[in-house]
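Undergrad:
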Amino acid sequence: MQKPARARILDAAHHLMLSVGLARATTKVIAKEAGCSEAALYKHFTSKEELFVTVLQERLPRLAPLLDQLAGNPSARSIEENLVRIAHEAALFYEQSFPIAASLYAETQLKTRHEAAMREMGTGPHMPIVGLDAYLRAEQVAGRIRPEADTYAAASLLLGACAQRAFAYDAAGQFPPPAADEFARDLVRTLLAGIG
Numbered sequence: 084m085q086k087p088a089r090a091r092i093l094d095a096a097h098h099l100m101l102s103v104g105l106a107r108a109t110t111k112v113i114a115k116e117a118g119c120s121e122a123a124l125y126k127h128f129t130s131k132e133e134l135f136v137t138v139l140q141e142r143l144p145r146l147a148p149l150l151d152q153l154a155g156n157p158s159a160r161s162i163e164e165n166l167v168r169i170a171h172e173a174a175l176f177y178e179q180s181f182p183i184a185a186s187l188y189a190e191t192q193l194k195t196r197h198e199a200a201m202r203e204m205g206t207g208p209h210m211p212i213v214g215l216d217a218y219l220r221a222e223q224v225a226g227r228i229r230p231e232a233d234t235y236a237a238a239s240l241l242l243g244a245c246a247q248r249a250f251a252y253d254a255a256g257q258f259p260p261p262a263a264d265e266f267a268r269d270l271v272r273t274l275l276a277g278i279g
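In my numbering, the protein residues as written are 84 to 279.
(1) How big is the Cα-Cα spacing for residue 158 and residue 224?
(2) Taking buried to mean at least 16 other C-beta atoms within 10 Å of its own C-beta, is residue 209 buried or exposed?
(3) Three or more beta-carbon pairs under 8 Å between the stretch 214 to 228 and the stretch 122 to 129, yes or no?
(4) Please confirm if the stretch 131 to 142 is in contact with the stretch 95 to 104, defined as three or more CB-CB distances below 8 Å between the two stretches.
(5) Can you find a C-beta in chain C that's less than 7 Å from the C-beta of residue 242?
(6) Roughly how many angstroms separate the alpha carbons of residue 85 and residue 222, rounded to a whole number?
(7) Kindly give me the distance between the Cβ atoms of residue 122 and residue 88, rounded to whole angstroms, as I take these residues to be in contact under 8 Å.
(8) Consult DSSP for residue 112 and reduce its assignment to one of helix, strand or coil.
(9) Quick check: the stretch 170 to 185 against the stretch 111 to 118, are there 3 or more CB pairs under 8 Å?
(10) In chain order, which alpha helix (DSSP H) runs of at least 4 residues are fully inside the stretch 204 to 239?
(11) Across the stretch 154 to 174 and the stretch 263 to 274, are there enough close Cβ pairs to call them in contact, namely three or more that are closer than 8 Å?
(12) Please identify the residue among 238, 249 and 248 whose C-alpha is closest to the C-alpha of residue 277.
(13) Do residue 248 and residue 167 have their C-beta atoms within less than 7 Å of each other?
(14) To the nearest angstrom, how far is it from the Cα of residue 271 to the Cα of residue 133?
(15) Looking at residue 245 and residue 188, is the spacing between their C-beta atoms short of 7 Å?
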């Protein structure tokens with residue numbers, strides 16, 4: 084039995100965005116790979132930008148729901164355990180999303196159009212920082228983070244390091260990124276030394 088059209092479109096978009104980049108993954112090419120018409124694609128997604136955001140939300144590690152859950156109930160686990168979970172998911176998210184989004188920076192018009200669409204949809208790359216900041220402020224209110232700690236800066240540092248892990252390693256393989264679980268533990272211990 085064939086998958087529903089929406090699932091086939093997302094599968095095709097994810098595959099093409101990874102293999103040829105966001106700029107070259109046109110809606111026409113995505114529809115063809117999904118085995119449907121371009122008109123059918125637009126029945127499910129209003130734009131390529133919406134399709135991109137949906138791929139990030141549904142096909143990559145789910146960072147936003149984790150942040151929302153922890154902000155609503157911060158003390159279910161220790162702050163260290165929570166931050167390690169967040170850093171681990173973020174490291175995997177950026178590792179998988181970086182190859183997709185990298186082509187945005189190669190074409191100024193595509194980047195400008197993409198940024199405008201993100202603003203219109205009320206989303207963008209700043210949203211994980213906003214979500215992590217909300218969680219850290221909840222921890223601050225609970226007394227598990229120093230009252231004078233800058234939670235937005237801490238969120239930016241943690242997520243920035245996770246994004247950098249996906250980007251800053253030698254492509255030749257001499258300096259591969261550390262495993263996500265090891266990286267998350269070390270990063271959180273360092274961050275907690277400053278805000279804990």
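Beta carbons: idealized from backbone N, C-alpha and C, even for Gly.
TA: Let me spell this out:
(1) As the crow flies, the alpha-carbon of residue 158 is around 11 Å from that of residue 224.
(2) exposed
(3) no
(4) yes
(5) The structure shown contains no chain C, having only a single protein chain.
(6) 46 Å
(7) Not a contact, Cβ separation roughly 11 Å.
(8) helix
(9) no
(10) With a minimum length of 4 residues, the unbroken runs of alpha helix (DSSP H) contained wholly in the stretch 204 to 239 fall at 210 to 224.
(11) Per the Cβ contact rule, the stretch 154 to 174 is in contact with the stretch 263 to 274 (3 or more Cβ pairs under 8 Å).
(12) 238
(13) no
(14) For residue 271 and residue 133, the distance between alpha carbons rounds to 33 Å.
(15) no
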